């Protein structure tokens, strides 16, 4: 550990690269605001301790392959370093300096000037750029070498170069959650620097630059060997961003590879495994961050994989990572050697014609026990586990974003979308194992997905089972399927279990036991309730009915993401008979109903209609003829849409001449008939349905 160093010292004659196995840029609003406030509030005559930067010199056999860096490394004696800890801070610093450079260049006093003629304090802009951002090889002017960045082939490095540092000719860029964070950081600093410049003038930017580069001080810790790298990194945290369990595990696995003796594992094998671990974590982070607006949680993936890979026990919270780090992948698993007996092994030797010479070696009695000591956890155990993680990552992504997955057929994407909509619950690990163990397009895969969706809707959404009902059983099936040598047989067992686990939802005669849902929905019809309108799964049910109607008609009228809105609004579901009917039309048609009957009719299933976005929600209290018919001006142009220009469900209702209590009843029965067919249940008589 050297004495505190300024940013000027830290960047001097060094190239920094983030190893590809580390997660990408993860700082968000909180950390950016803290950085900006630290910078602004710092007295320009005082120093600010910014934290530890842990780095390790990149071995020559790696850096020699970096073509764009060679002229600096060999020609100017720059040293290349991997950032072991501190990438979030250095990324932030680089983005901020880029925004500062852009603000200074665009200032009216600097328009038309070259970087050599623009100054920030006593530094010209070209000098600042070369010190912290990029150095251009002077002889030919075609090689740009970045002072800070990622290892090659990382989407974040491409994004950093072209979108953050404004290198031209980007081509197609891969965007992830981590590139979104890079983009957000640049937007944040650009806006705040521009605003600060407007308020305080260009000289204020000089003060900020000098504070950042000279007064922000770091402990620069240069790590000498592999052992220290992975022990140190395992216990480090970036400000405000605690290391995830996935990151801790990666460094633990690499650390474990250093503990095997050369007799147990040769150095080249250790290096191969370490490269495999690094490659695997790069793939995992790529999959988890593929959807930049909805990144997947590191630890959710790790826990799901643990359920699939190890024998499941009823662990809670973060017990799974305690098992992985403190038990299975602990150093004692390598240090602790097992006695292995070779007593019962029969030695067989080839017959060799040798001279008859008396042996001096002591002969072993056949009753002796020959033992050898081997590590409880072998290097192959680590390798197999890493292989499994890598292969699972893409299927984990597929389970969340099926429509963006090349691993699934269109049919599989559709049913997987349904499972996500109906709230997948604890089934995701099992589905990940299913994708791993079956081929794309396998009919058995599709069938099990359909059965899982039915189990969730019937068991949880209709019969109101507790959310953890039979979870342990299906967690255990996850591993059974993953380790199965007869997948077809295992899938049949899971299918039988799903059927058996719904037997409680049936009457003795095999019809559906409606009492569970009746108890639930009756509470929704209480004095302050709104009936089926308050059923949390109404959107899913009505959307499925809309999908059913669409099959015979073609193009969708609305999609799921537009149909599901904030819980308090629910503007996408219409009461056909209004909640506050005021017109003579409604009074006439419902005059024979008591106030209690009216209340029940309003919240009845048959009275609720999904609206497409094209329908004006101001229809809600209109008469039925006005609701169903679009309004046109004198020129025939539609000025307000009605049911006749809406969803397929709306079109179905628009075909009716009236809307009465009888219509509500008949449509409700139609919807229940669909429910029976769609989820393969038999509700029995009409009176039971009513």
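Numbering (my numbering), first residue to last: 569 to 1258. The beta carbon of each residue, even a glycine, is placed where N, CA and C say it ideally should be. As the structure is a prediction and not an experimental result, all values here were calculated from the model.
Comparing alpha carbon positions, the residue from 1062, 789, 596 closest to residue 754 is 596. In the displayed model, residue 1208 falls within a strand according to three-state DSSP. Between residue 1049 and residue 1015, the CB-CB gap reaches or exceeds 8 Å.
Between residue 1106 and residue 1177, the C-beta gap is not smaller than 8 Å, which leaves the two residues out of contact. With respect to the 8 Å criterion, residue 770 and residue 675 are classified as neighbours on the basis of their beta carbons.
Of 782, 690, 1241, 688, the smallest CA-CA separation from residue 613 is found for 782. Non-local C-beta neighbours of residue 879 in its own chain, meaning closer than 7 Å and more than five positions away in sequence, comprise 1047, ordered along the chain. Per DSSP, the unbroken beta strand (DSSP E) holding residue 653 starts and ends at 647-653. Secondary structure of residue 667 (DSSP, three-state): helix. At least 8 Å separates the beta-carbon of residue 684 from that of residue 699. In this structure, residue 943 lies away from residue 855, with their beta-carbon atoms at least 8 Å apart.
Closest by C-alpha distance to residue 784, out of 790, 606, 748, is 606. Selection 964, 997, 832, 648 evaluated against residue 875 yields 997 as nearest (Cα-Cα). Here the segment 1138-1154 makes no contact with the segment 1058-1069; the two share fewer than three CB pairs at distances below 8 Å. Look at the beta carbons and you see the segment 985-992 touching the segment 1101-1116: at least three pairs across the two are nearer than 8 Å. Residue 873 places its beta carbon less than 8 Å from that of residue 957. Contact check between the segment 757-764 and the segment 725-734: fewer than three CB pairs, one atom from each, fall below 8 Å, which does not count as touching. Under the 10 Å beta carbon count, residue 644 is surrounded by fewer than 16 other beta carbons and is classified as exposed. Runs of beta strand (DSSP E) with 3 or more residues, each lying fully within the segment 692-777, are found at 702-704, 712-714, 716-718, listed in chain order. The bridge partners DSSP lists for residue 585 are 650, 717.
At least 8 Å separates the beta-carbon of residue 1180 from that of residue 1151. Nearest to residue 1166 by C-alpha distance, out of 1093, 1247, 1086, is 1093. For residue 624, the uninterrupted beta strand (DSSP E) run begins and ends at 616-625, by DSSP. No Cβ-Cβ contact shorter than 8 Å links residue 1008 with residue 1051. Classified as exposed, residue 1121 has fewer than 16 neighbouring CB atoms from the shown chains inside 10 Å of its CB.
Relative to residue 572, the option among 1205, 1191, 789, 740 whose CA is nearest is 789.
For residue 1193, the three-state secondary structure derived from DSSP is helix.
Contact between residue 1103 and residue 1157 is absent: CB atoms are separated by about 25 Å, not below the 8 Å threshold.
Comparing C-alpha distances from residue 582 to each of 635, 701, 687, 669 shows the shortest one belongs to 701. Counted as a single uninterrupted DSSP element, the alpha helix (DSSP H) harbouring residue 1216 occupies residues 1216-1222. About 6 Å separates the Cβ atoms of residue 1169 and residue 1229, confirming a contact at the 8 Å cut-off. By the Cβ test, the segment 1240-1249 is not in contact with the segment 1210-1225, since fewer than three Cβ pairs between them sit closer than 8 Å. Contact annotation: the segment 607-627 does not touch the segment 666-682, with fewer than three C-beta pairs closer than 8 Å. By the CB criterion at 8 Å, residue 593 and residue 626 fall outside the cutoff. Non-local C-beta neighbours of residue 713 in its own chain, meaning closer than 6 Å and more than five positions away in sequence, comprise 636, 637, 640, 703, ordered along the chain.
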